[in-house]
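Colleague: This is the structure I have questions about; it appears just below.
Residue numbers (the numbering used here): 4 to 86.
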């Protein structure tokens, strides 16, 4: 029987900051909401971000969500697809 290769859990993980997976989830949700809720009221955008962040296991940061919502609500609507 061949010996098992050693496993080091500290090797490549040190190059990534703590919380990087959570930030990827936040970025994904914000980009998704930016496509679907731009131009809508800030309250609607906040609600959409909160709901979707919770669905991917992230506890929302109210101040950060308010900033995202302000920007997203000020964006112009996307033109409809002509397919």
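The C-beta atom is built at its ideal place from N, Cα and C for all residues, glycine as well.
#1: Give the straight-line distance between the Cα atoms of residue 32 and residue 18, rounded to the nearest whole angstrom.
#2: Taking only the alpha-carbon atoms, compute the straight-line gap between residue 86 and residue 21 and give it to the nearest angstrom.
#3: Measuring straight from C-alpha to C-alpha, what distance separates residue 66 and residue 73?
#4: Look at the Cβ atom of residue 75, then the Cβ atom of residue 41, and state whether they are nearer than 7 Å.
#5: Helix or strand or just coil, what does DSSP make of residue 44?
#6: Looking at the secondary structure, which residues open and close the alpha helix (DSSP H) in which residue 77 lies?
#7: How big is the Cα-Cα spacing for residue 71 and residue 77?
#8: Among residues of its own chain, excluding the 5 on either side of residue 84, which ones have a beta-carbon nearer than 6 Å to its beta-carbon?
Modeller: Per the coordinate set shown:
#1: Rounded to the nearest angstrom, the two C-alpha atoms are 24 Å apart.
#2: For residue 86, the predicted structure reports a pLDDT of 47, less than 50, and the residue's modelled location is therefore unreliable. A value from the coordinates is still provided. Cα-Cα distance, rounded: 43 Å.
#3: Between residue 66 and residue 73, the C-alpha separation is close to 11 Å.
#4: Closer than 7 Å, so yes.
#5: Coil at residue 44, not helix or strand.
#6: In the DSSP assignment, residue 77 falls within the unbroken alpha helix (DSSP H) covering 65–77.
#7: One alpha carbon belongs to residue 71, the other to residue 77, and they sit about 10 Å apart.
#8: Excluding sequence neighbours, residue 84 sits near nothing in its chain.
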